[in-house]
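Asker: Structure in structure tokens, see below.
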Ligand SMILES: *Cc1c(COP(=O)(O)O)cnc(C)c1O
């Protein structure tokens, strides 16, 4: 890409603009870059990974029981006697990292979840060895059950919830979004020219995908503003009462403000859904696990809501490509498909007739699986089985962690980083009980007013060209932040990821921002109408 023409950068997503910022920051080889642009965490969960590798060794021993007379060749694990062999294996390896975890996990599965330990071990071994196509293709049987328990604990909690939900294991939140947009369209639930509502600000792909030629959807925005502590106001939510709004897509806790929807607002949305029983909701709860006592819209409006969850952020597992989609066993999406006009139902019968003799009974979630592999490859659909094994171990790790030690550590890591940032900014850290602090939005005007005064703040926002401050920051200090505007924030702001650098780096970022503000303030005092342009700041 050509970054030398800054005026061309205006249309880039914040994630692509980051590359231009990195190029600017990288021009100074003598100093290191502080890239707080990416959401990729720099921490990861170790215990369930140790567990994965130990179970892997056990699975290898299982496999090598067969074909003993041939080198380099093993067979499938054997179901009979697998529990006893597992006990011998764990006894022989007692004290090795991960062994205690997998012993505890097997016991938890048997004693707390009431599942067969042998079936579980067999499913895990077969999954880790990756010696069969994923069957069922939507998700392995016990893995689905266990991951559902985890989703229930983290996203529904103690909220009343009647009935079961189905899950589809996917290649991260990314695949979840791609598959959902596609199947919603293929099943005539959203069509070109339809209107969808987006809870703003939002993870940018939710803004970009509907505009693609593939979808041609119209977007309306349900704004959460800084003034309202990043909660949607009732007036904004009332836009959902308009029957032309087919679906409401939101991220909760939000990205980038990192704030979870409060109880009052959740209840207001649920009340709207009572008046709009046909409204489809897609809630992306990727950051839910960074909150205590999180309650998803999936808990309040289970029949209307599609839940998206990813293991990427909380377990530091972006490279695994690991996520799930959940829908309630009784949901309005299936009802809407059943009520489509006959000519569309006939069209869908034809689409899915190769995979079932009763295409009309095919649930939306199973249509997602089929559509993900262009229907004809439905029999080889599904996420790779080793991924499902690690996903199941992540879920068990959280389920077994009664004191929520891991969650408290996650929360502490990002809190310390935010504290370091504000300490060096020289400002009191804003406190919000609903903040999960994975990201933080720095509002330029607010910061300038707090550091100096309201006059300067006004002057600054009028002076700044889009992204100018971000490019200057990258150029002068090597710090990379993303523009909040790209995520749909109304004011000039910067997104700091609190997940991907160390505490002292955030202190440096705070210092750099303070220095930049001081430079602008000097210019302001000097009464100069225009700031000194740097060579490659975008217009
Ligand atoms: C990071 C992120 C995703 C993508 O997650 P992957 O599982 O890594 O594909 C989806 N939604 C939101 C809101 C995110 O922040």
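In this note's numbering, the protein residues as written are 338 to 876. Cβ coordinates follow ideal geometry from the N, Cα and C atoms, glycine included. Please read these numbers as outputs of a predicted model, since none were measured by experiment.
DSSP three-state call for residue 696: helix, strand or coil?
Answerer: The residue given as residue 696 occupies position 359 in the chain shown. Looking at residue 696 - three-state DSSP - the assignment turns out to be helix.
Asker: For the region 660-669 against the region 635-652, do three or more pairs of beta-carbon atoms, one drawn from each stretch, fall closer than 8 angstroms, so that the two count as touching?
Answerer: At 8 angstroms Cβ cutoff, the stretches touch.
Asker: Taking residue 781 as the reference, give the member of 854, 763, 844 with the closest Cα.
Answerer: The residue you call residue 781 lines up with position 444 of the chain shown. The shortest C-alpha separation from residue 781 is found at 854.
Asker: So residue 310 and residue 817 are in contact, right, with Cβ under 8 angstroms, and what is the actual spacing, rounded?
Answerer: This structure gives no information on residue 310, because the portion of the chain shown stretches from 338 to 876.
Asker: So, for residue 669: in the same chain, excluding its five sequence neighbours on each side, which residues have a beta-carbon less than 6 angstroms away from its beta-carbon?
Answerer: Against the chain shown, residue 669 aligns to sequence position 332. Once the five neighbours on either side are set aside, the close Cβ partners of residue 669 are 640, 641.
Asker: Go through its chain and collect everything with a Cβ distance to residue 377's Cβ below 6 angstroms, but skip five positions before and after it.
Answerer: Within the chain shown, numbered from 1, the residue matching residue 377 stands at position 40. Within the same chain, residue 377 has close Cβ partners 655, 837.
Asker: Are the beta-carbon atoms belonging to residue 736 and residue 490 less than 8 angstroms from one another?
Answerer: Against the chain shown, residue 736 aligns to sequence position 399. Against the chain shown, residue 490 aligns to sequence position 153. The answer is yes: Cβ separation under 8 angstroms.
Asker: In the DSSP assignment, find the beta strand (DSSP E) that holds residue 906 and state where it starts and stops.
Answerer: Given a span of 338 to 876 for the chain in the structure shown, any question on residue 906 remains unanswerable.
Asker: Could you check whether residue 635 and residue 492 sit closer than 8 angstroms to each other, using their CB atoms as the reference points?
Answerer: For the purposes of this step, residue 492 is taken as the residue at position 155 of the chain shown. For the purposes of this step, residue 635 is taken as the residue at position 298 of the chain shown. Result yes, Cβ atoms of residue 492 and residue 635 sit closer than 8 angstroms.
Asker: Tell me which same chain residues have a C-beta within less than 7 angstroms of the C-beta of residue 820, skipping the five on either side of it?
Answerer: Sequence index remark: in the chain shown, residue 820 carries index 483 (1-based). Hits under 7 angstroms: 351, 354, 804, 807, 831.
Asker: Rounded to whole angstroms, what is the Cα-Cα separation between residue 365 and residue 813?
Answerer: On the chain shown, position 28 is the one that residue 365 refers to. On the chain shown, position 476 is the one that residue 813 refers to. Distance between the alpha carbons of residue 365 and residue 813 is about 9 angstroms.
Asker: Verify whether the separation of the beta carbon atoms of residue 466 and residue 403 is less than 8 angstroms.
Answerer: Counting from one through the chain shown, the residue named residue 466 turns up at place 129. Counting from one through the chain shown, the residue named residue 403 turns up at place 66. No, the Cβ-Cβ distance between residue 466 and residue 403 is not below 8 angstroms.
Asker: Using 8 angstroms as the Cβ pair cut-off and three pairs as the minimum, do the region 727-744 and the region 477-489 touch?
Answerer: Yes, they touch.
Asker: Taking the runs of the beta strand (DSSP E) that are 3 residues or longer, which of them lie wholly in the region 797-838?
Answerer: Complete beta strand (DSSP E) runs here, min 3: 830-834.
Asker: Going by beta-carbon coordinates alone, are residue 583 and residue 624 separated by less than 8 angstroms?
Answerer: Looking up residue 583 in the chain shown gives position 246. Looking up residue 624 in the chain shown gives position 287. The answer is no: Cβ separation not under 8 angstroms.
Asker: For my contact list, residue 840 and residue 753 are in at a C-beta cut-off of 8 angstroms; report their separation, rounded to the angstrom.
Answerer: In the chain shown, counting from the first residue as 1, residue 840 sits at position 503. In the chain shown, counting from the first residue as 1, residue 753 sits at position 416. Indeed, because the Cβ distance is near 5 angstroms, the residues count as touching under 8 angstroms.
Asker: Got a sec? Which residues, its chain only, sit under 6 angstroms from residue 462 by beta carbon, not counting five neighbours each side?
Answerer: Here residue 462 is taken as the residue at index 125 of the chain shown, counted from 1. Here the set comprises 396, 399, 414.
Asker: How about residue 586 and residue 543: are their beta carbons less than 8 angstroms apart?
Answerer: Indexing the chain shown from 1 puts residue 586 at position 249. Indexing the chain shown from 1 puts residue 543 at position 206. Yes. Within cutoff.
Asker: From residue 848 to residue 362, what distance separates their C-alpha atoms?
Answerer: In the chain shown, the residue the question calls residue 848 occupies position 511. In the chain shown, the residue the question calls residue 362 occupies position 25. Using only the alpha carbons, I get a separation of about 16 angstroms.
Asker: Considering Cα atoms alone, identify which of 561, 389, 562 is closest to residue 433.
Answerer: By 1-based counting over the chain shown, the position of residue 433 is 96. Out of 561, 389, 562, 389 has the C-alpha closest to the C-alpha of residue 433.
Asker: The alpha helix (DSSP H) with residue 444 in it runs from where to where?
Answerer: The count along the chain shown starts at 1 and reaches residue 444 at position 107. Where residue 444 is concerned, the enclosing alpha helix (DSSP H) stretches over 436-448.
Asker: Can you find a heavy atom of ligand 1 that lies under 7 angstroms from the Cβ of residue 668?
Answerer: Within the chain shown, residue 668 is the residue found at index 331, counting from 1. No, Cβ of residue 668 sits at least 7 angstroms from all heavy atoms of ligand 1.
Asker: Looking at residue 758: is its Cβ nearer than 8 angstroms to the Cβ of residue 846?
Answerer: Indexing the chain shown from 1 puts residue 758 at position 421. Indexing the chain shown from 1 puts residue 846 at position 509. Going by C-beta atoms, residue 758 is nearer than 8 angstroms to residue 846.
Asker: Name the DSSP beta bridge partners of residue 569, please?
Answerer: For the purposes of this step, residue 569 is taken as the residue at position 232 of the chain shown. DSSP, once it has assigned bridges, lists 561 as partnering residue 569.
Asker: Taking the beta strand (DSSP E) that residue 427 belongs to, which residues open and close that run?
Answerer: By 1-based counting over the chain shown, the position of residue 427 is 90. It is not in any beta strand (DSSP E) - residue 427 instead sits in the alpha helix (DSSP H) that spans 419-429.
Asker: I'd like to know whether the C-beta atoms of residue 419 and residue 459 end up nearer to each other than 8 angstroms.
Answerer: Within the chain shown, residue 419 is the residue found at index 82, counting from 1. Within the chain shown, residue 459 is the residue found at index 122, counting from 1. Taking 8 angstroms as the Cβ cut-off, residue 419 and residue 459 qualify as a contacting pair.
Asker: Pick helix, strand or coil for residue 455, following the three-state DSSP scheme.
Answerer: Taking the chain shown and counting its residues from 1, one reaches residue 455 at position 118. Residue state, collapsed to three classes: helix.
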